[in-house]
Structure formats: structure tokens, C-alpha cells
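Asker: Converting from the sequence shown to the working numbering requires adding 657 to each position, the first position being numbered 1.
By construction, the Cβ of each residue, glycine as well, lies at the ideal position given by its N, Cα and C atoms.
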Amino acid sequence: MPLLFRIAGLLVALVTGAIGIADVAARGPSGLAILVPNLPPDRRLAGFSALMILFVAALLAFCALFWRATRGHSNVNSEWRLRLILVTQLATGLLIPDLMIIVACEAGYLLTTRTRTRWIYVQLAFLMAVILIGFTQGGLSPAPELVHVPRRAAIVLTIAQAFAWQLLSFAAGYMAGREGDARRELSLALGELRATQQVLSDSVRINERLNIARELHDTIGHHLAALSLKLQLAARTAEGPARKPVEDAHLIAKLLLSDVRAAVSDMRHEGAVDLAKALRSIAEGIDQPRIGLEMADAGMIHDPAKAQALLRCAQEAITNSIRHSQAQSIHLRLASTDSGVDLEIRDNGRGTPELRQGNGLRGMRERVEAMGGTLEIDTAPGRGFRLLAHVPLTGAA
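Okay, here's the thing in C-alpha cells:
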């Protein structure tokens, strides 16, 4: 949740809670008789002091939980932990009902689509019960503008007004959450686009070098080879003063042919895709979850097709972690081995007891296997998600 949003919510909670506490303080110990009718008069002062301490402690706990819950987003927070925090905050509504407006906003922003709808129904029912109990026990009274309205109508209007504020707050949180989701998706897409552009640029450069190398070998190389043979034959048949210049020309042609072959060999082997730079482009565009990179000297891949296959694996794995695993961190490791290159991606998300391979995972496996490599996937509840792709540097391409 944005910092400005969190600060505004904290200020609203503090002001709302302070108003509720001030209302209790204004009623004094005599107001405690409404909540606890059987409390002896000589114990009302101590009870009132305890009640004030309870209100202040509840408000401070609410603010602390609000700050903790809004530190991230549903994608980087455990769903059950968020529910526990929100339930605890909701319980504070028994003391200060107006704080439920903030809880509704949190629920709209933080919870998943399936959970948030059920949550708001439960919260509205809880709020209605609190209002009815408040009116029944005398702890709540109609607003000044409803003083002259019949009591039942005043209760209905009070509940309707409370529902309206709750739904407005819930909708505001939901829209802010959707906007945050869209912003994260856009950042991820931009990172992937920069990475793809990097790989494509390197691939085009490598292909152009290969095309030039082939042209040099197939045209100039062949002509120089033919010229060398002709000059060698001419040197054998030449006599007198003409023999020496022909032999020199033959030597120069051989040297030139050797230089062309060396240049062709260098052009074929010097080109490489900077996969490490492409992976950094993806990581730089993502704030949450945190992405740690460990790449050492394994970032240069000479085969563009294999580099692109590994890049697609990284993109798909990171996207899945962000959307589904609720991970707080992702670790990406790219390392050279004796037989090829390893790409390992693991997160600390919730994991799953049963892995269902959708189009994304199947596509990863097909790409890696088409390169002659292997793909290992490991996940379990509470252990996060781990993917290891190995691609050989020689073989299928």
C-alpha cells in the first residue's frame, strides 16, 4: 500500500479513536453504569479507569496492526496472516465502531478477490449487530439530526448510513488495490520488454556477424583459395626473373586467406547474448517481492536460442511467483557448469501440495527440452517454489 495512503489511514484511525475515547471520558464513571448495570457505585471509578486504559490500548493496537497489514500487498503477505490481523482489528470495532470503516478499506485493498467479497458481508453483519446492541444497551444514541425521528426509523437510518460508509471505504480500497495490481503488472511487463529487447538486440547482432562471416568465407575466402592455387601453379611454371614475384604473390595470397579465415572464426565465436543484463532489467522493474540475483560470470550465452529459452523461463517463473505464491522474496541464480548453464529460481511463497502445470509451465518445459536441456520443479506447502532449468552449451539448438 502506498505510504501516503498508509499515513492517511493512520491519521484517520487516531482521530476517530480519539473522538471515541473523548466521548467515553465525557460520560465519566456514571456512563459505565449503562454498560455494566450491576457494578457497585464504589467500584465505578476503578472500572472507568480500566475502561479508559482498554480503549487507549485497543486504539494503539489497531494502529499498529493497520501499519503492519498495509506494509505490503496481498501478493506479498500471507492470506491467513492478513485475515488474523483484520479480525483482530474488527474486534476493536466493539469499542470504537467507526474504526470499521478503515478495516473495510484494508479488506478491499489487501484481500484476494475470492476472500474480500465474503469478508465485507461478514463485516456488515457484524456492524449491524454492534449497532443493534449499542442501541439496545443504551451505549449508542441517534445522531442529532435523527433526534426527532421515530426510534426504529432512526436505527434503520443509522445502519443504512453505516453500511454506505463501509461500502464506500471498501470500494476505495478495492480500486486502490486494482490500481496497484495494474501498476505492478505494468512494471513487470516493462521489465520483460526491456529484457526481450536486450536479447533480441544481441541475437540480431550475432546473426549479422554470422551472415557476414558466411559471406566472407563463401565469396572472398573461395576466391582467395582459388587465387592461391593459381599462383602456386604459376610459381612452379615460371622461369627467370618472373619466378620471384609470382612466389611473393602466392605467399601474400596465402597470408591473406589465413587472415580471412581467422576473421571468420572470430566473428563466429565472439558474439554472445548478455543474459545477465536482460535478467537485471526484469528485476529492476519489480519492487515487491524483492528479487535477489546471483549470476557470477555465467551471463554470456553464445547461442541466442538457448539464451531466449532461459529468459522465457525466468519471466514465467517470476510472473507466477508474483501472481500466485504470495512470496516476499525471489532468488535467481545463473551459473555455469561443466555441461552447460543452470538457471535456478526459488521463492519463499506458500507453495502448493499439488503442482498443476498450465500452459506457462508446459511452455517452459518444451523450450528447455527443445534445447536438449532439463527442467526440474519442486514445491510443497510452506516451502515455496523452486525451478531449475539446465541447458547444455553444445548439442540441440
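1. Pairs of beta-carbons, one from the stretch 850–868 and one from the stretch 955–970, closer than 8 Å: are there three or more?
2. Per DSSP, what are the beta-bridge partners of Ala882 in this structure?
3. Pull the bridge partners of His988 from the DSSP assignment, please.
4. Using the C-alpha atoms, what's the distance from Glu763 back to Arg773?
5. My output table needs one value for Asp931: the three-state DSSP class, helix, strand or coil.
6. Just to confirm, is the Cβ distance from Val672 to Leu708 under 8 Å?
7. With a cut-off of 8 Å on the beta carbons, I'd call Trp822 and Ile758 a contact; round off their distance for me.
8. Find out if the Cβ-Cβ distance for the pair Val787, Leu751 is shorter than 8 Å.
9. Nearest CA to the CA of Leu756: which residue from Gln889, Gly1041, Ala675 and Leu881?
10. My output table needs one value for Thr727: the three-state DSSP class, helix, strand or coil.
11. Considering only the alpha carbon of each residue, which of Val998, Arg990 and His988 lies closest to His959?
12. Can you say whether Arg937 is buried or exposed, counting buried as having 16 or more other CB atoms within 10 angstroms of its CB?
13. Between Leu713 and Ala829, what straight-line distance do the alpha-carbon atoms span, to the nearest angstrom?
14. Am I right that Pro946 and Ile987 are in contact with their C-beta atoms under 8 Å? What's the rounded C-beta distance?
15. Relative to the alpha-carbon of Pro1038, which residue among Asp1004, Glu849, Arg1024 and Val760 has its alpha-carbon at the smallest distance?
16. Alpha carbon to alpha carbon, what distance is there between Phe783 and Thr749?
17. Would you call Asn732 buried or exposed, if buried means 16 or more other Cβ atoms sit within 10 Å of its Cβ?
18. Measuring alpha carbon to alpha carbon, tell me which of Met1028, Ala984, Leu989 and Ala974 ends up nearest Asn1016.
19. Look at the alpha carbon of Met785 and the alpha carbon of Leu803, and state the distance between them as a whole number of angstroms.
20. Assuming Val903 contacts Leu886 under a Cβ cut-off of 8 Å, what Cβ separation, rounded to an integer in Å, is found between them?
21. Looking at Arg1043 and Asp1035, is the spacing between their C-beta atoms short of 8 Å?
22. Need the endpoints of the alpha helix (DSSP H) that Arg1019 sits in, please.
23. For Gln780, is the classification buried or exposed, using 16 other Cβ atoms within 10 angstroms of its Cβ as the cut-off for buried?
24. Reducing DSSP to helix, strand and coil, say where Arg806 ends up.
25. Return the Cβ separation of Arg1040 and Leu1032 in integer angstroms, given the expectation that the two are a contact with Cβ distance under 8 Å.
26. Please report the straight-line C-alpha distance between Leu747 and Leu702, rounded to a whole angstrom.
27. Between the Cα of Leu989 and those of Gln1014, Glu951 and Arg1013, spot the shortest distance and give me the residue it belongs to.
28. Tell me whether Arg871, by its Cβ, gets closer than 7 Å to a heavy atom of the ligand SAH.
29. Considering just the uninterrupted stretch of the alpha helix (DSSP H) at Ala1046, what are its terminal residues?
30. Take Ala899 and list the residues in its own chain whose beta-carbon comes closer than 6 Å to its own, dropping the five residues that flank it on each side.
Answerer: To lay it out plainly:
1. yes
2. For the purposes of this step, residue 882 is taken as the residue at position 225 of the sequence shown. Beta-bridge pairing links Ala882 to no other residue.
3. Here the question's residue 988 lines up with position 331 in the sequence shown. Answer is Gly949 and Arg1003, bridged to His988.
4. As a working mapping, residue 773 is identified with position 116 in the sequence shown. As a working mapping, residue 763 is identified with position 106 in the sequence shown. Spanning the two alpha carbons is a distance of roughly 10 Å.
5. Sequence index remark: in the sequence shown, residue 931 carries index 274 (1-based). Strand, per DSSP.
6. By one-based count along the sequence shown, residue 672 stands at place 15. By one-based count along the sequence shown, residue 708 stands at place 51. In this structure, Leu708 does not lie closer than 8 Å to Val672 by Cβ.
7. Position 165 of the sequence shown holds residue 822. Position 101 of the sequence shown holds residue 758. Correct: roughly 5 Å between the Cβ atoms.
8. As a working mapping, residue 787 is identified with position 130 in the sequence shown. As a working mapping, residue 751 is identified with position 94 in the sequence shown. Yes, the pair counts as a contact, with Cβ atoms nearer than the cut-off.
9. As a working note, residue 756 is residue 99 in the sequence shown. The shortest C-alpha separation from Leu756 is found at Ala675.
10. Your numbering for residue 727 matches position 70 in the sequence shown. If DSSP states are grouped into helix, strand and coil, Thr727 belongs with coil.
11. What you label residue 959 is simply residue 302 of the sequence shown in a count that begins at 1. Per the Cα distances, Val998.
12. Translated into positions along the sequence shown, residue 937 becomes position 280. When all chains shown are included, Arg937 counts as buried.
13. On the sequence shown, residue 713 is found 56 positions in, with the first residue counted as 1. On the sequence shown, residue 829 is found 172 positions in, with the first residue counted as 1. It should be noted that the sequence gives Val, not Leu, for residue 713. One C-alpha to the other measures close to 28 Å.
14. By one-based count along the sequence shown, residue 946 stands at place 289. By one-based count along the sequence shown, residue 987 stands at place 330. At roughly 5 Å, the Cβ-Cβ gap stays under 8 Å, so Pro946 and Ile987 are in contact.
15. Numbered from its first residue, the sequence shown carries residue 1038 at position 381. Minimum Cα distance to Pro1038 is reached at Asp1004.
16. Reading the sequence shown from its first residue, position 92 is the one you call residue 749. Reading the sequence shown from its first residue, position 126 is the one you call residue 783. About 12 Å.
17. Taking the first residue of the sequence shown as 1, we reach residue 732 at position 75. Residue placement at Asn732 is poorly supported in this model, since its pLDDT is 47, which falls under 50; the coordinates still yield a value, given next. Counting Cβ neighbours within 10 Å, Asn732 comes out buried, since at least 16 surround it.
18. Translated into positions along the sequence shown, residue 1016 becomes position 359. For the residues Met1028, Ala984, Leu989 and Ala974, the minimum Cα distance to Asn1016 belongs to Ala974.
19. Mapped onto the sequence shown, residue 785 falls at position 128. Mapped onto the sequence shown, residue 803 falls at position 146. Answer to the nearest angstrom: the Cα atoms are 18 Å apart.
20. For this step, residue 903 is matched to residue 246 along the sequence shown. For this step, residue 886 is matched to residue 229 along the sequence shown. Rounded, the Cβ-Cβ distance is 13 Å, inconsistent with contact.
21. Position 378 of the sequence shown, counting from 1, holds the residue named residue 1035. Position 386 of the sequence shown, counting from 1, holds the residue named residue 1043. In contact: Asp1035 and Arg1043 (Cβ atoms closer than 8 Å).
22. For this step, residue 1019 is matched to residue 362 along the sequence shown. Residues Asn1016 to Ala1027.
23. Position 123 of the sequence shown, counting from 1, holds the residue named residue 780. Buried is the call here.
24. Locating residue 806 in the sequence shown gives position 149, counting from the first residue. A small correction: the amino acid at residue 806 is Val; Arg does not occupy that position in the sequence shown. Looking at Val806 - three-state DSSP - the assignment turns out to be coil, as it is neither helix nor strand.
25. Reading the sequence shown from its first residue, position 383 is the one you call residue 1040. Reading the sequence shown from its first residue, position 375 is the one you call residue 1032. Not really, about 18 Å apart at Cβ, beyond 8 Å.
26. Here residue 747 is taken as the residue at index 90 of the sequence shown, counted from 1. Here residue 702 is taken as the residue at index 45 of the sequence shown, counted from 1. The straight-line gap from Cα to Cα measures roughly 28 Å.
27. Position 332 of the sequence shown, counted from the start, is the residue given in the question as residue 989. Comparing Cα positions, the closest option is Glu951.
28. The ligand SAH is not among the ligands present in this structure, which contains no ligands whatsoever.
29. The sequence position of residue 1046 within the sequence shown is 389, counting from 1. Premise fails: Ala1046 lies in the beta strand (DSSP E), Gly1041 to Pro1049, not in any alpha helix (DSSP H).
30. Position 242 of the sequence shown, counting from 1, holds the residue named residue 899. Excluding positions up to five away in sequence, the list is empty.
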